[in-house]
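Residue numbers (the numbering used here): 10 to 382.
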């Protein structure tokens, strides 16, 4: 007669073995059973049982065997990334970008909408919902549904996903943005500051994927900053970390002021600077000085490995970054490297996808938790 303790131990062991198999499938792509046994560190019989469980749950599937080779080709198995999906949103003053990604983080659909910066909050939310819903519909019936959704936006966003201060989007202050996006799909919802999510994206798959300490500078009409330390996003007690709007920085000014005085858009200004126009080069230097002043505060405080520059002004490329490096060298004892964003203006939505994936991966592993029942 089997005792309850032995039964519980056997059930726990099965969960741990299945968890190890799932990890191996996600890390290694399509694999034969022999490869999976080696990667998971399990016996062939145990791996087969785990695969059967994962297949029954819709998390694994058999794929076509590899071509070539003599004899009968070995069966191969893969993680089923379409078992669930996540939504990532960038809801800004002038545009909305929505992405739908599978459980590997690969984007399967996206929608962009231009918006008026004076649009009321209710209408902006309706447009954001429309864009996100269109992504889900374009991808077809997602068998696993939407497991989590995250929105990035300007302003201060607290840990619960509520916008506590917003100066750029009308009616945004006090909005439970996380709750809104979660209700659209009946799933957990999250929200975060745009620069913070951009930093997450760059650390995930972008310019900062090989560093753990990062300052991200989100350029535009006003600069925002995201901060990662030890590979983790740091938002502070209220979500205000990196918000420098009230810090008295001599020589720091909004890019909009510089561009307005020049009577040029950013792209036109950078093109003229690359052509060697003196006035344009002087204005670019002025922009770079302002960005360096803001970044230098965080650089001096945390001594990061890298500063990544994204957003509207990142299109300036080396003509801007070269001057920013020079100014940081003057302002900081040990200036870090400065690199352009990999994702450009899509970084916020990609960071939102990553934050939603963090929750989805917890859900994915829940049935195989190590704790005994």
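Every residue, glycine too, gets a C-beta built ideally from N, C-alpha and C. In this text, all values refer to a predicted model and were calculated from it rather than measured experimentally.
- Residue 203 is a Cβ neighbour of residue 99, given a cutoff of 8 Å.
- In this structure, residue 349 lies near residue 318, with their beta-carbon atoms less than 8 Å apart.
- Along the length of the region 296-376, whole alpha helix (DSSP H) runs at least 4 residues long occupy 327-340 and 356-374, reported in chain order.
- DSSP, read as helix, strand or coil, puts residue 97 in strand.
- Going by DSSP, residue 212 is part of no beta strand (DSSP E) but of the alpha helix (DSSP H) stretching over 203-214.
- In the three-state reduction of the DSSP assignment, residue 160 falls in the strand class, which pools E and B.
- Under the criterion of beta carbons closer than 8 Å, residue 42 and residue 70 do not qualify as touching, at roughly 14 Å.
- The Cβ neighbour count for residue 115, taken over all protein chains shown within 10 Å, is under 16; the residue is labelled exposed.
- Secondary structure note for residue 191: it is in no beta strand (DSSP E), and the uninterrupted alpha helix (DSSP H) holding it is 186-194.
- Between residue 36 and residue 46 the beta-carbon gap is near 14 Å, outside 8 Å, which marks them as no contact.
- Between residue 22 and residue 68 a beta carbon distance of about 19 Å is seen, past the 8 Å cut, so the two are scored as non-contacting.
- Within the same chain, Cβ atoms closer than 6 Å to the Cβ of residue 346 are found at 315, the five residues on either side in sequence being excluded.
- Put simply, the backbone Cα of residue 143 is about 23 Å away from that of residue 207.
- In the structure shown, the three-state DSSP call for residue 233 is strand.
- Here residue 47 carries a helix assignment [DSSP, helix/strand/coil].
- Counting only the Cα atoms, residue 301 lies some 21 Å from residue 280.
- Going by C-alpha positions, residue 377 is about 6 Å away from residue 25.
- Within a 10 Å sphere around the beta-carbon of residue 265 sit fewer than 16 other beta-carbons, which makes this residue exposed.
- Shown here for residue 199: same chain residues with a beta carbon closer than 6 Å to its own, the five before and five after excluded, namely 159, 170, 187 and 364 in chain order.
- Taking a 10 Å sphere around the C-beta of residue 125, we find fewer than 16 other C-beta atoms and assign the residue as exposed.
- In this structure, the straight-line span from the alpha carbon of residue 252 to that of residue 165 is close to 8 Å.
- The residue among 330, 338 and 193 with its C-alpha nearest the C-alpha of residue 296 is 330.
- Inclusion of residue 113 and residue 90 in the CB contact set at 8 Å is warranted, their separation being smaller than that value.
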